[in-house]
Structure formats: C-alpha cells, structure tokens
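K.L.:
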Amino acid sequence: MRGATPAIETSHAGETEGAEGILTSAVLARRAKQRRQIQINIGLSYLLDVIVLLVYAYAGVTSVALAATFGACGLLSVALFIALSEAHINDRFEDHYLIVFQSTVSVGIAFAFILAAPQVGIVFICAIFMTFTFSSLRSTPRQSAIGWTITTAGLAAVFLLTDKPIGMPDDSVIERLGTMLQFSLLLGRTMVLGLFSAGLRTSLYKRGVQLKEAYKRIEELAELDELTGSFNRRSIMRMLDDEISRALRSKQPCSVALIDLDWFKRINDRFGHPTGDEVLRTFAITVFANIRSIDRFGRYGGEEFLLILPETEEGAAERTLNRLRTIVADLDWSAISSGMSVTISAGVTKLLPDDAPDTILARADGALYRAKDLGRNKVVQV
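Okay, so the sequence shown: first residue is 669 according to the working numbering, each after it adds one.
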C-alpha cells in the first residue's frame, strides 16, 4: 500500500456494534469513506512517480509508454480496491484495510517494473519503501513480518537472481533533475507520514485521557446512589469497613449515625412518589452542605441514610446530628409542595474497640428506633 496523506481509522465514540456484533450502517459508511480516502492518496502517490518517470522519458532514459503503463497499473489497482471497498467485501475481514493484500499488490507492481525498466529502478525502489512505510502505520506485528518477508524475497530475487543493473540516472542535467525530484517527493511523502503519525499519537493520547476520565466517571457513578447523589449502600458499607480499621489502627474516635426521614411513606402517599424523590434529593444535598469533607454519607436503604463521622467523639457527633435535624426541620419544604414539612430521626453511637460493622450498625439502629419511639424528630445517642 502506498500513500502521501493517509487517512487511518482511529477509534470513534460512535462506533458501536449490535447485540450480535454486527456493525451498524453508520460505522460501515465511515469505514468505506476512510478506505476511499486512502485509495485516493495511493493514486496520488502513483501519479507523483509517473511525473518523475516522464522527466526521465524527456531525458531519453525511458519511454512515455512505460510511465503511462506504470500509472495505469497503479490506478487500476486503486480502482480494484475501491470497488472491493464500495461492495463492503473488506468488511468481511478483521483487517478491513486488507493491509497484506494491498501491500503485496503494490510491491508486486514495483518489482515487475524494476525488471521491465531497471535503468530507472530507483523510482520503483522508492515506491517499495513508501509502500512498506505507509503500511507499517496500520499493520500488526504479524502483518509487518509478512510484508518484510515478501519484500525481502523480492529484493533477493532482483539483486541476487538477476544481473540487471538498478539505475539511478544522473548523466545529464535533466536526469539529475528527475532523480532529485524523486528523492524530494520521497522525503515529502515521508515527512507527511511522520506528521500524520505524530498527529495520530496526539489524537490517541487525547482519546486515552478522555477514556480515563470516562472510566473515572463510570466508577464514580457505580459508587453513587442514582437518586440522591450520595454513596450507595455497597460503597458506604465499604467506607464503614475502612473507617473502622483506620480508627482502630490510629486509636482515633469515630462515630456512626443512622438517619431516617420521619413518616416518609405518608409523604409518598399524600404528595406522590416524584415529590418523595425530590424530598430525598433535597435532604441529601442539605446534609452534604453541612458536613465535613472527611465525613462519609450514603443511602443505607429507602429513606434511611448512614453518616460516618471520623475523628468525632460521641458528644460532638450528637451535636452534629442535632444541628442537621434542626436545619432539615427549618427548610422551606412548602417550596416543593404546599403544606409539606419534613423532619428526621437519628441514632448515634461511637466505635468501641471490639466493634465490627454489623455490631456498630446494630447499636445505631437500636438508637434510631428509640428516637422514633420518643415521637420522632429526635436524636438518640447510645
């Protein structure tokens, strides 16, 4: 495969497959467009070589017919691969660019013309170099090894099994002009490939950063309760394990509170579940706005929430929960629905030396039920 400014496919956020791995029509169309662009560039590369051959023909080193024949062979191969692409035959293969097949055809054409016109063999040697350089941008290690093997075998056949002199015309000014033009165009195409490769690396790096950010966001979403934005039960329970271990290891105090929205079922029944959801969200936002950055707050289940207060003695924990209880009760809940009021009850307990998550939660739960028994809108500490 040869080219001046290749368009090589990178991953697209929109490239998706169906449930059975079938590519969507949008993906197939995008692939066909990319392959078409590649073939156009390959065709342009052939035309650049034809220009050099015409310069040599003007100098009398070769003929116009040879230049035309080379160009025709190259453009016919391009037309063949465009036809295969437009018929979506390429899409039947894992490598839908058909790297090995295209490289083999391009190298085969170049070797045929080396044998036919060895006096201008430098043009076709450069064509082989461009083919290998271009194909390596998209090749797998296995494909590169196959391409190198095919090319090396061809070079061995030309240089070792024939006595044809491979020419680089330089006897006249016109011949030197043609040779200079050949190398200049080769360097230009190589430079374009290098710039494209650098751009591709930059694009891949940016995509990598975007993917990392996306994965981070996915991980965050996997830890959060979808409705309230607080940590979900799995996450908050893991955090409770971590905080208990850290507190026991550092001999720092730690307190835990279970919080319940009073008469929440009545809110749902009277005002509707959408309103109930808005109450839960508002409550969660209010708690987040009034706790420390080191505190951990998550939805334990339904309208029940777990608050972990590291480095907090039981007296300070009780004061924190009473402050939250007052803030919640004083909110203007009528802004959500006329005539609505919301209060909370909480059970607070401190971490004991032999505590495990289930034991400390059992004490907090017992304190919460005691707060409810006392008429709700209460904080009980045990």
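Where a beta carbon is used, it is the ideal one built from N, C-alpha and C, also for glycine.
What you are looking at is a predicted structure, and each value in this text was computed from that prediction instead of being measured.
Report the CB separation of Ala1081 from Ser918 in whole angstroms; it is logged as a contact under 8 Å.
P.N.:
Examination of residue 1081 is not possible in this model, given that the chain is present from 669 through 1050 alone.
K.L.:
Skipping 5 residues on each side, what residues in its chain have a beta carbon closer than 6 Å to that of Glu981?
P.N.:
Your numbering for residue 981 matches position 313 in the sequence shown. So the list reads Pro921, once near-sequence residues are dropped.
K.L.:
Between Arg1044, Ile995 and Thr954, which has its C-alpha nearest Gly1015's C-alpha?
P.N.:
One-based indexing of the sequence shown puts residue 1015 at position 347. Nearest C-alpha to Gly1015: Arg1044.
K.L.:
At 4 residues or longer, what runs of the alpha helix (DSSP H) sit wholly inside the stretch 839-905?
P.N.:
Whole alpha helix (DSSP H) segments, 4+ residues: 841-891.
K.L.:
Assign Leu829 to one of three DSSP states: helix, strand, or coil.
P.N.:
Working through the sequence shown from its first residue, we reach residue 829 at position 161. Of the three classes helix, strand and coil, the one that applies to Leu829 here is coil, per DSSP.
K.L.:
Are the beta-carbon atoms of Ser753 and Arg703 separated by less than 8 Å?
P.N.:
Taking the sequence shown and counting its residues from 1, one reaches residue 753 at position 85. Taking the sequence shown and counting its residues from 1, one reaches residue 703 at position 35. Yes; because the gap between Cβ atoms is below 8 Å, this pair is in contact.
K.L.:
Considering only residues of the same chain and omitting the five flanking positions on each side of Val732, which have a CB-CB separation below 6 Å?
P.N.:
For the purposes of this step, residue 732 is taken as residue 64 along the sequence shown, with counting starting at 1. Closer than 6 Å at Cβ, skipping near neighbours: Ala725.
K.L.:
Going by DSSP in three states, Pro942 sits in which element: helix, strand or coil?
P.N.:
For this step, residue 942 is matched to residue 274 along the sequence shown. The answer is helix: DSSP assigns Pro942 an H, G or I state.
K.L.:
Does Gly1043 come out as helix, strand or coil in the three-state DSSP assignment?
P.N.:
Residue 1043 sits at position 375 when you count from the first residue of the sequence shown. Gly1043 falls in the coil class under three-state DSSP.
K.L.:
Can you tell me whether Arg914 is buried or exposed? The criterion is at least 16 other CB atoms within 10 Å of its CB, across all chains shown.
P.N.:
Residue mapping note: residue 914 aligns to position 246 of the sequence shown, counting from 1. Counting Cβ neighbours within 10 Å, Arg914 comes out exposed, since fewer than 16 surround it.
K.L.:
Taking Ser745 as the reference, give the member of Phe800, Leu1036, Gly711 and Glu894 with the closest Cα.
P.N.:
Here residue 745 is taken as the residue at index 77 of the sequence shown, counted from 1. It is Gly711 whose Cα lies nearest to the Cα of Ser745.
K.L.:
In whole angstroms, what separates the C-alpha of Ile953 from that of Leu1020?
P.N.:
Indexing the sequence shown from 1 puts residue 953 at position 285. Indexing the sequence shown from 1 puts residue 1020 at position 352. Ile953 and Leu1020: Cα-Cα distance of roughly 30 Å.
K.L.:
Measure from the alpha carbon of Ile652 to the alpha carbon of each residue in Leu1029, Arg901, Ala825 and Lys880, then state which is nearest.
P.N.:
Since the first residue of the chain shown is 669 and the last is 1050, residue 652 is not available in this structure.
K.L.:
If you check the beta carbons only, do Ser1009 and Lys1046 fall under 8 Å apart?
P.N.:
Here residue 1009 refers to the residue found at position 341 when the sequence shown is read from its first residue. Here residue 1046 refers to the residue found at position 378 when the sequence shown is read from its first residue. No, they are not a contact pair.
K.L.:
Per DSSP, which residues does Asp1023 bridge with? Please list them.
P.N.:
Looking up residue 1023 in the sequence shown gives position 355. Paired residue(s): none; Asp1023 is not in a bridge.
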